[in-house]
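One structure is given here, and the rest of the page talks about it.
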Amino acid sequence: MLYRLRRKISGTTVFMWIIGLGILAMVVVGSAQTLASGRYPSDQWLVLTIYGVAQGSVYALIALGYTMVYGILRMINFAHSEVFMSGPFIGYYVATALDEAGFLDRQPVIGLGIVLLAAMATSTTIAVLLERIAYRPLRRAPRLVPLITAIGASFFLQYTFRGLFGSGVKGYPEIDQLKGYWLIPGTQFGVLKTQGVVIVAAVIMLVGLYLFVQRTKTGKSLQAVSEDKDIAALMGIDVDRAIVITFIIGGALAGAAGVLYALLFRQVNFFMGFFPGIKAFTAAVLGGIGNVVGAMLGGLFLGIAESLFPNLVLDGLGIPAPYQLKDALAFILLVVVLIFRPTGILGERLAAKKA
Amino acid sequence: MKKTFALLALLVLVSTMALACAPKAKFQCTDKIGCVDIGPNEPIRIAYSMVVSGGDASLGTDTKRGVEIAIEDRKGELLGHKIEFFGEDDLCNAEGGQTAAQKLSADPKLLAVIGTNCSSAARPAIPIYCKAGIAMVSPSNTAPDLTDPNRPAEYFCYLRSCHNDKVQGARMAEFAWEKGFKRAATCHDGSIYADQLQQVFAERFKELGGEITAQEAVGPDDTDMKPMLTRVAATKPEFFYYPIFIKAGGQITKQAKEVPGMENVQLAGADGIFSPDFLRAAGDAALGMLWSSPDFSAFAGGYQEFLAKHEAKYGEKPLAPFHAHAYDAANMIFAAIEKVAVKDPDGTLHIGRQALIDALFATKDFKGLTGNLTCNPYGDCADPKIAVYQCVNADPDSWNPGADPDSNPKKIWP
Chain A
1 MLYRLRRKIS
11 GTTVFMWIIG
21 LGILAMVVVG
31 SAQTLASGRY
41 PSDQWLVLTI
51 YGVAQGSVYA
61 LIALGYTMVY
71 GILRMINFAH
81 SEVFMSGPFI
91 GYYVATALDE
101 AGFLDRQPVI
111 GLGIVLLAAM
121 ATSTTIAVLL
131 ERIAYRPLRR
141 APRLVPLITA
151 IGASFFLQYT
161 FRGLFGSGVK
171 GYPEIDQLKG
181 YWLIPGTQFG
191 VLKTQGVVIV
201 AAVIMLVGLY
211 LFVQRTKTGK
221 SLQAVSEDKD
231 IAALMGIDVD
241 RAIVITFIIG
251 GALAGAAGVL
261 YALLFRQVNF
271 FMGFFPGIKA
281 FTAAVLGGIG
291 NVVGAMLGGL
301 FLGIAESLFP
311 NLVLDGLGIP
321 APYQLKDALA
331 FILLVVVLIF
341 RPTGILGERL
351 AAKKA
Chain B
1001 MKKTFALLAL
1011 LVLVSTMALA
1021 CAPKAKFQCT
1031 DKIGCVDIGP
1041 NEPIRIAYSM
1051 VVSGGDASLG
1061 TDTKRGVEIA
1071 IEDRKGELLG
1081 HKIEFFGEDD
1091 LCNAEGGQTA
1101 AQKLSADPKL
1111 LAVIGTNCSS
1121 AARPAIPIYC
1131 KAGIAMVSPS
1141 NTAPDLTDPN
1151 RPAEYFCYLR
1161 SCHNDKVQGA
1171 RMAEFAWEKG
1181 FKRAATCHDG
1191 SIYADQLQQV
1201 FAERFKELGG
1211 EITAQEAVGP
1221 DDTDMKPMLT
1231 RVAATKPEFF
1241 YYPIFIKAGG
1251 QITKQAKEVP
1261 GMENVQLAGA
1271 DGIFSPDFLR
1281 AAGDAALGML
1291 WSSPDFSAFA
1301 GGYQEFLAKH
1311 EAKYGEKPLA
1321 PFHAHAYDAA
1331 NMIFAAIEKV
1341 AVKDPDGTLH
1351 IGRQALIDAL
1361 FATKDFKGLT
1371 GNLTCNPYGD
1381 CADPKIAVYQ
1391 CVNADPDSWN
1401 PGADPDSNPK
1411 KIWP
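Protein chains in written order, with the working numbering: chain A, 1 to 355; chain B, 1001 to 1414.
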């Protein structure tokens, strides 16, 4: 028994565990010191968490695109960040036109719906074209080939948008009804209305997607294809159709995420997909790539970590200007999670199935 | 047949020898680094290394146009040779600056480089140009350490025609103190420019008796500034100085209005976001915001003509504050070339590289658009006059600094 345990735990594992525990200890000590100093009121932590949830739900929506494509094709679709960028970019032109006509302020719900639909349509179209033109011909090729193609497609899309619409930063119009706060009862802090809308919209989409995948026939066919393409085909499932549906869902969610992102930050730029894309990919790995619920959890975790932890952990350790290090901190946490759970938070079931 | 060939060979040999021995004052290059020879029909090559794409493209486009107008003012010619102006996009970061420098410095006929725009791009680029003996004049690097008396010897070819941030940061601090602000916070983006500028501001503000409540930092591509701003708000500042670039600067400006405790804090930036593109990025939130920038009303008389030429050539107002500095940088280089070039009767030019650099450093009382330029031994040539401007209209199309006292942005100090 002891012998078997010893054989399973190699020197590297022990070393990684020591690193992981060291980082965890740093997190605990930092947080304890910050909280003990009492410099920040408890309301402030709540507000920071809400900022994190808003940002995290956008990550989660993008991460779903990565994770679903990985689940079904076993490839990382690196062009997904450009699918995300294309939606709000076209949405920007629709929104500006609506705003100039005054429609966006008079009918914010319908107006926002139109922008959302335009963005989702654009992103979906691009995702489906990507699949058809760049990935389908390579489906039987070695795994590295579609990966490189994805990176190429990503550059192609980025610079096409730059060529078409210029390289400057464009400001999204602001909706009058979404200015200001909703007050949290019992505190003096409020939730920004834009953040409220983003969180609610994201939750609706996440729940909808979960139900779709788990309960509907099409959703079950996606699961079947992701488990084994060949057997699914033998069972009479149209594999091509399932893959296209996956890209459609991923694209639509990315387009929606893009509009939510634009609502929060009111800026679009041809390069805007890159960093959220990397973060969302991280979130997908964090949650266990290929796992839908995992991507949601990973996104939320990453968003909250970015917003809360620099202030909570690094401040206590006496590091000045902690928000400069928020990306570093987020990726350190990814390392910790992967040390203790190499398959991600919810990755185990999937790993067992695929093994 | 064989005889004819031998005769011909002899003839060729004799004529070459005769040519070689012809009495002619041949130019002897005695320059320490070497000389550039420009043949009778060859152009004089001057390059730019500027940021002409991405979020900060306005900065590079603005300075590039300044140089183009300077070339046009000379009808594109110098000492009877055409001026060829070309260059590289350096993306406003260290990697881009280095790549551009490696590519440009491989050109054996390149005499001088105008650039970079961003101090971060300058730092790795300067030693590369200096090693190649290429003179470098920046129209908009303002970080203090580039022309510090203790700067490394490998910076010997570098000068700048714009102000040093030791002046800009201090002037903003003096303004804030004079207007009754007692508590200030700062934020930088990790770039050399922003970090050093906010540091100068903070030191001067403390010297005057004010309190610096927080010195924060973000990443240049960050979008969610609210957590950082929440932290700043907890220290209750009255004045918030973030001398960074357009993308992150736009986000901070917008989100500051949304974070409790920051709504009434006076926001202020510097010359890096003094651009209509910043108004595009920040939107209505920019209203009331302050900038430190070169004082356009203190520029020399020729500036109004320059603006007219700019408007006629490009159909718009200057996009950033450094077009005039770029114009001056180009003219400084042209004057130095005229001073040191040796011209052969057939029109060939010989220019010593060290001589050109020395001539640039010897620039004294040079009448430029931005004032009288005199270079110190460390490469600071500007005649710095800094003003504080305020945004009175968030519409980017209204951007017209320095036209008259009421234009947008409006000069409010001194």
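In this text, a Cβ means the ideal position worked out from N, Cα and C, and glycines have one as well.
Sequence-distant residues of the same chain with beta carbon closer than 7 Å to residue i, five excluded per side
i, result
"Ala-1047/B", "Phe-1086, Gly-1087, Leu-1104, Leu-1110 and Val-1113"
"Gly-190/A", "Tyr-181, Trp-182, Leu-183 and Ile-184"
"Gly-277/A", "Ile-62, His-80, Ser-81 and Phe-84"
"Pro-1023/B", "Per-residue confidence for Pro-1023/B stands at a pLDDT of 47, beneath the threshold of 50, marking its modelled position as unreliable; the derived number appears in the next sentence. Taken in chain order, the list of residues that qualify is empty."
"Thr-122/A", "Ser-86, Gly-87, Ile-90 and Gly-255"
"Asp-1383/B", "Thr-1370, Gly-1371, Asn-1372 and Leu-1373"
"Lys-1254/B", "Ala-1282, Gly-1283 and Ala-1285"
Under 9 Å between C-beta atoms of residue i and residue j
i, j, result
"Lys-1247/B", "Asp-1271/B", "no"
"Ile-72/A", "Thr-246/A", "yes"
"Gly-250/A", "Val-69/A", "yes"
"Ala-1359/B", "Lys-1339/B", "yes"
"Ala-252/A", "Met-75/A", "no"
"Arg-1280/B", "Phe-1239/B", "no"
"Ala-1354/B", "Phe-265/A", "Contrary to the premise, residue 1354/B reads as Gln rather than Ala in this sequence. No."
"Ser-1119/B", "Thr-1063/B", "no"
"Ile-1134/B", "His-1323/B", "no"
"Leu-1197/B", "Pro-1243/B", "yes"
"Thr-1374/B", "Phe-1027/B", "no"
"Gly-52/A", "Leu-338/A", "no"
"Val-1392/B", "Leu-1290/B", "no"
"Leu-48/A", "Leu-333/A", "no"
"Asp-1277/B", "Pro-1396/B", "yes"
"Val-404/A", "Tyr-92/A", "Residue 404/A lies beyond the residue range present for chain A, which begins at 1 and ends at 355; the question has no answer from this structure."
"Ser-1161/B", "Val-1200/B", "no"
"Gly-1415/B", "Tyr-1158/B", "In the structure displayed, chain B extends from 1001 to 1414; residue 1415/B sits before or after that span and is not available."
"Gln-136/A", "Asp-240/A", "Reading off the sequence shown, one finds Arg at residue 136/A, where the question assumed Gln. A contact, by the Cβ cut-off of 9 Å."
Whole-angstrom C-beta distance between residue j and residue i, which should lie under 8 Å
i, j, result
"Val-292/A", "Val-213/A", "6 Å"
"Leu-1287/B", "Ala-1176/B", "Their Cβ separation, rounded to whole angstroms, is 19 Å, which puts Leu-1287/B and Ala-1176/B out of contact at 8 Å."
"Leu-963/B", "Ala-1300/B", "Past the edges of chain B, shown from 1001 to 1414, lies residue 963/B, and the structure says nothing about it."
"Leu-302/A", "Ala-283/A", "5 Å"
"Cys-1029/B", "His-1350/B", "7 Å"
"Phe-1274/B", "Ala-1320/B", "6 Å"
"Gly-1269/B", "Gly-171/A", "Not really, about 16 Å apart at Cβ, beyond 8 Å."
"Thr-1230/B", "Ile-1212/B", "Incorrect: roughly 18 Å between the Cβ atoms, too far for contact."
Own chain partners of residue i with C-beta closer than 6 Å, once the 5 adjacent residues on each side are dropped
i, result
"Phe-78/A", "Ala-150, Ile-151 and Ser-154"
"Ile-50/A", "Val-191"
"Met-1050/B", "Gly-1060, Thr-1063, Lys-1064, Gly-1115 and Asn-1117"
"Gln-1168/B", "Ser-1292 and Ile-1386"
"Pro-1423/B", "Here chain B comprises residues numbered 1001 to 1414, so residue 1423/B is not present and cannot be evaluated."
Min CB distance residue i to chain C below 9 Å
i, result
"Ile-1044/B", "No chain C is part of this structure, whose protein chains are labelled A and B."
Residues of its chain near residue i, where Cβ-Cβ distance is below 8 Å and the 5 sequence neighbours each way are ignored
i, result
"Leu-24/A", "Val-336"
"Leu-1078/B", "Ile-1044, Phe-1334, Ile-1337 and Glu-1338"
"Thr-34/A", "Tyr-40, Asn-311, Leu-312, Val-313, Asp-315 and Gly-316"
The ligand SAH heavy atom lying under 8 Å from the CB of residue i
i, result
"Leu-157/A", "Questions concerning the ligand SAH fall outside what the structure shown contains, since it holds no ligand whatsoever."
* Asked: What residues from the stretch 1249-1267 of chain B come within 7 Å of chain A, judged by C-beta to C-beta, listed N to C?
  -> Going along the stretch 1249-1267 of chain B in chain order, one finds Gly-1250, Gln-1251, Lys-1254, Glu-1258 and Pro-1260 with a Cβ nearer than 7 Å to chain A.
* Pull out every residue of the stretch 1189-1215 of chain B whose Cβ sits closer than 9 Å to any Cβ of chain A, in chain order. => Taking 9 Å as the Cβ-Cβ cut-off against chain A, the residues of the stretch 1189-1215 of chain B that qualify are Asp-1189, Gly-1190, Ala-1214 and Gln-1215.
* Which residues, taken in chain order from the stretch 1118-1150 of chain B, show a beta carbon closer than 7 Å to some beta carbon of chain A? -> Cβ contacts with chain A: none found.
* **Uninterrupted beta strand (DSSP E) stretches inside the stretch 1166-1219 of chain B (no shorter than 3 residues)** => Within the stretch 1166-1219 of chain B, the complete beta strand (DSSP E) runs of at least 3 residues fall at 1183-1188 and 1211-1217.
* **Members of the stretch 322-338 of chain A near chain B, C-beta cut-off 9 Å** => Residues passing the 9 Å Cβ filter: Pro-322, Tyr-323, Gln-324, Leu-325, Lys-326 and Asp-327.
* To do: Select from the stretch 160-172 of chain A all residues with a C-beta closer than 7 Å to any C-beta belonging to chain B, and list them in chain order.
  => Flagged, chain order: Ser-167, Gly-168, Val-169, Lys-170 and Gly-171.
* Start-end ranges of the beta strand (DSSP E) lying completely within the stretch 1022-1047 of chain B, minimum 3 residues -> Taking 3 residues as the shortest admissible run, the stretch 1022-1047 of chain B contains the following complete beta strand (DSSP E) segments, listed from N- to C-terminal end: 1035-1038.
* Asked: Using a Cβ cut-off of 8 Å, which residues of the stretch 50-72 of chain A contact any Cβ in chain B, in chain order?
  -> Cβ contacts with chain B come from Tyr-51, Gly-52 and Gln-55.
* To do: Using a Cβ-Cβ cut-off of less than 7 Å, give me the residues of the stretch 1218-1230 of chain B that come near chain A, in sequence order.
  => Here the close residues are Val-1218, Gly-1219, Asp-1221, Thr-1223, Asp-1224, Lys-1226, Pro-1227, Met-1228 and Thr-1230.
* Asked: Using a beta-carbon distance cut-off of less than 9 Å, what residues from the stretch 173-186 of chain A approach chain B?
  -> If you check each beta-carbon in the stretch 173-186 of chain A against every beta-carbon of chain B, the ones closer than 9 Å belong to Pro-173, Glu-174, Lys-179, Gly-180 and Tyr-181.
* Which residues, in chain order, does the stretch 1277-1293 of chain B contribute to contact with chain A at a C-beta distance below 8 Å? -> Closer than 8 Å at the C-beta level to chain A, one finds these residues of the stretch 1277-1293 of chain B: Asp-1277, Arg-1280, Ala-1281, Ala-1282, Gly-1283 and Asp-1284.
* Output, in sequence order along the chain, the residues in the stretch 299-318 of chain A whose CB is closer than 9 Å to any CB in chain B. => Of all residues in the stretch 299-318 of chain A, Gly-303, Glu-306, Ser-307, Leu-308, Pro-310, Asn-311 and Asp-315 have a Cβ within less than 9 Å of some Cβ in chain B.
* Asked: What are the complete alpha helix (DSSP H) segments, minimum 4 residues, inside the stretch 1044-1088 of chain B?
  -> Listed in chain order, the complete alpha helix (DSSP H) runs (minimum 4 residues) inside the stretch 1044-1088 of chain B are 1057-1073.
* Asked: Name the residues in the stretch 193-216 of chain A whose C-beta lies less than 7 Å from a C-beta of chain B; which are they?
  -> Cβ proximity to chain B below 7 Å picks out nothing from the stretch 193-216 of chain A.
* Asked: Relative to chain A, which residues along the stretch 1043-1062 of chain B have a C-beta separation below 7 Å, given in chain order?
  -> Those residues of the stretch 1043-1062 of chain B that come within reach of chain A (Cβ to Cβ, closer than 7 Å) are Ser-1053, Gly-1054, Gly-1055 and Ala-1057.
* Could you list the residues in the stretch 89-110 of chain A with a C-beta less than 7 Å from some C-beta on chain B, going in chain order? => Residues: none.
* Give, in chain order, every unbroken run of the beta strand (DSSP E) that is at least 3 residues long and sits entirely within the stretch 1090-1163 of chain B. => The qualifying runs are 1110-1115, 1135-1138 and 1158-1160.
* **Interface positions of the stretch 274-289 of chain A facing chain B (Cβ-Cβ less than 9 Å), listed along the chain** => Per Cβ criterion, the list reads Phe-274, Phe-275 and Pro-276.
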